[in-house]
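For reference, the structure is listed below as structure tokens.
In this note's numbering, the protein residues as written are 41 to 748.
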């Protein structure tokens, strides 16, 4: 029985310990900001303010008249009169009571003590506001650091994942006499540097997390997914910047007024005095009871201040007023300087981001070129590829550092925005130059398979826009899309969403989606797909829909108008191809957006090709996504290669399917995402025609559900 009891106690302790050990994951920045008032530093300042307010009220209760009550009891032995030798002994009890009023300097000192209490309380309020402001800014900047270090860590881990394979390849090249041992050490030192950067990133993240914990009074853990930092006032509207609402300036006039009133009151305060009005009652033993009343005035002044020409107390108070006035000016100048510095730092961050983005593009192109050369050209191409990959790593980290710098500068600028602002935004989403939040590192064929962007990027069809229009899921969906390696999305809407966009209820969500995608370096094309629009009787519907959605900054317009989806299409394909050309002509007349289409490869083979291919060349269509839905590599290479060679004036991308409704011969759903990416990389290296524009995946929802 005792053993069972001990076991139960241990189980309860284990259960309680497990529950208490559940991590408290870091929420988004907006929720964290609401917890700043719970931070221990703010609570300490609040307690100090509460103390000073109570002391101020106490000073007010002590000012002015005071009641007094006195009791005395004594013994006397004195002559009966001045000439008598007879003595009289008696005891006497006396009670006195009344009111004592401060006058002259005593009264002034009491009034000054009240003002000093108000001053201490006001300074306590300033300290509380300052502590909250500084902690809020520190919280925002620390959150930005955590956000940035997470992205840097992902980049570093992507790079480090190829370490073993790279070491094996380099060692083999050393043994074959193609590489010096010293060069191998130098190449591998890049990974040592990356490990060092990873350790530094972990330290910076830990320091930032401790700042967040100190600012909020909670022990947080960092979740896997961290939302981007949104800041108040960064919604894209023009805002005025000012310092008048900051604590050190906001209360300055009130502080100066108290100092001025103290200085004005301080006038010969060493001349103290009291006015006392009282009554008394006494009884002699032996004897009878007597009563009385009196008025008493008392004046005191130090000998050395009598007749002195200088009132040093007043001069000191005036000097204190001048000091506070100068301190207020110093604070205003300091804050205005901090505002100017924050704006200059923001400008520097923007310039750095533009420069580093250009460097990343150059480094990415170098990796792409060296990847192609390594697969086809003999020599030291592998070593050059490794140099290019390390350069891409460094420039990618510099991009993230620039982003962090911009966000931290924006956090500083937030101090100078009006306090009443409630609208929030993601500062990087306001940049005109799209910048990725994390930069993928392409791998070569000799390295462990990694997702790599195609030379022209990889696009994906998105038929269900709801998760991307919802602010709660938008960020996560776009982040994952970017992480998976997609750089362009073909975005479609259902009928209800189109109506909501038209009536304005979804306009803000669509704007936010486009801005966020742009910040991540994802371009968004409008995807419209209804084969009925090919027909003349329905063509105007498409034109009107394009006009409705024309105010939004889509990069391009993609039309998925499959003639074979129309009834009885097999017997009239040439006619439908011609009508498709006329539909595209009608759309071209109403939009300036680049137009691309999806098409079955049969429309570019044989006689059909002479109809559609010639028409598309004359229209100047940006791109055709050929839907060669096949997992047979040789079949795809043969068919795609033939079309690329036959129509050099048309840009083509290769559409591949990962839809579960298609067979494994047509879709990569059963093979998984890795198989799809491996095949995309193969096609990127195989098709070197100038009119090849990469791959398009059908479709995002199916892609997420497929196995890795």
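We put the beta carbon where it would ideally sit given N, CA and C, even for glycine.
### Task
Using three-state DSSP, classify residue 466 as helix, strand or coil.
coil
### Task
Say yes only if the C-beta of residue 610 is nearer than 7 Å to one or more non-hydrogen atoms of the ligand GDP, and no if none qualify.
Ligands are entirely absent from the displayed structure, and the ligand GDP is therefore not among its contents.
### Message
Closer than 8 Å is the cut-off here; do at least three beta carbon pairs connect the region 102–109 with the region 173–189?
### Response
no
#### Entry: residue 478 (DSSP reduced to helix, strand or coil)
Note that residue 478 scores 32 on pLDDT, short of 50, meaning its location in the model is unreliable and no value can be drawn from it.
### Message
Assuming the contact rule is C-beta atoms closer than 8 Å, residue 601 and residue 620 should be a hit. Round their C-beta distance to whole Å, please.
### Response
6 Å
### Query
Beta carbon of residue 118, beta carbon of residue 131: below 8 Å?
no
### Message
Can you give me the C-alpha to C-alpha distance between residue 606 and residue 622, rounded to a whole angstrom?
### Response
17 Å
### Query
Over what stretch of residues does the beta strand (DSSP E) that includes residue 696 continue unbroken?
692–697
### Task
Report yes if the CB atom of residue 550 is closer than 8 Å to the CB atom of residue 592, and no otherwise.
yes
### Query
Any idea what DSSP makes of residue 548, helix, strand or coil?
helix
### Message
Using 8 Å for Cβ pairs, my map puts residue 727 next to residue 666. What's the rounded Cβ distance?
### Response
No, residue 727 and residue 666 are not in contact; Cβ-Cβ is about 11 Å, not under 8 Å.
### Task
Measure how close the beta-carbons of residue 73 and residue 176 come, nearest whole angstrom, since I'm counting them as under 8 Å.
6 Å
### Task
Report the residue ranges of all beta strand (DSSP E) runs contained in full by the region 127–151; include only those spanning at least 3 residues, in chain order.
127–143
### Message
Counting C-beta neighbours from all protein chains within 10 Å, is the total for residue 745 16 or more, i.e. buried, or is it exposed?
### Response
exposed
### Task
Leaving aside the five residues before and after residue 509 along the sequence, list all residues of the same chain whose C-beta is less than 8 Å from its C-beta, in chain order.
537, 546, 549, 550, 553
### Task
Could you please give the first and the last residue of the uninterrupted beta strand (DSSP E) stretch that includes residue 115?
106–119
#### Entry: residue 747 to residue 712 span [Cα, whole Å]
5 Å
#### Entry: Inter-residue CB distance, residue 698 and residue 737 (contact presumed, cutoff 8 Å)
6 Å
### Task
Could you say which of 647, 519, 91, 283 lies nearest to residue 686 if we only look at CA atoms?
647
### Where the beta strand (DSSP E) through residue 435 begins and ends
Careful: residue 435 lies outside any beta strand (DSSP E), inside the alpha helix (DSSP H) at 421–454.
### Query
Contact between the region 70–85 and the region 138–147: three or more CB pairs below 8 Å?
no
### Query
Going by beta carbon distance, what residues of the same chain come within less than 8 Å of residue 459, once the five residues before and after it are set aside?
285
### Message
Please return the same chain residues whose Cβ sits closer than 7 Å to the Cβ of residue 41, not counting the five positions on each side in sequence.
### Response
Unreliable positioning characterises residue 41 in this predicted model, as indicated by a pLDDT of 49, which lies under 50. A coordinate reading is not provided.
### Message
If contacts are defined as beta-carbon pairs under 8 Å, then residue 155 and residue 301 qualify, I think. What distance do you get, rounded to the angstrom?
### Response
6 Å
### Message
Using DSSP's beta-bridge definition, name the partner residues of residue 338.
### Response
314
### Message
What does the alpha-carbon distance come out to for the pair residue 495 and residue 691?
### Response
Since pLDDT at residue 495 reaches only 38, below the 50 mark, its modelled position is unreliable, and the value read off the structure follows with that caveat. Whole-angstrom Cα-Cα distance: 14 Å.
### Task
Buried or exposed for residue 346, please, with buried defined as at least 16 other CB atoms from any protein chain shown within 10 angstroms of its CB.
exposed
### Query
Below 8 Å between beta carbons: does that hold for residue 532 and residue 596?
no
### Message
Suppose contacts are defined by Cβ-Cβ distances below 8 Å. Is residue 348 in contact with residue 331 by that definition?
### Response
no
### Task
Ignore the nearest five residues each way along the sequence and tell me which others in residue 563's own chain have a CB closer than 6 Å to its CB.
528, 595
### Per-residue burial, residue 517 [other beta carbons within 10 Å of its own, 16 or more giving buried]
buried
### Query
CB-CB under 7 Å to residue 327, same chain, minus the five flanking residues each way: which ones, in chain order?
130
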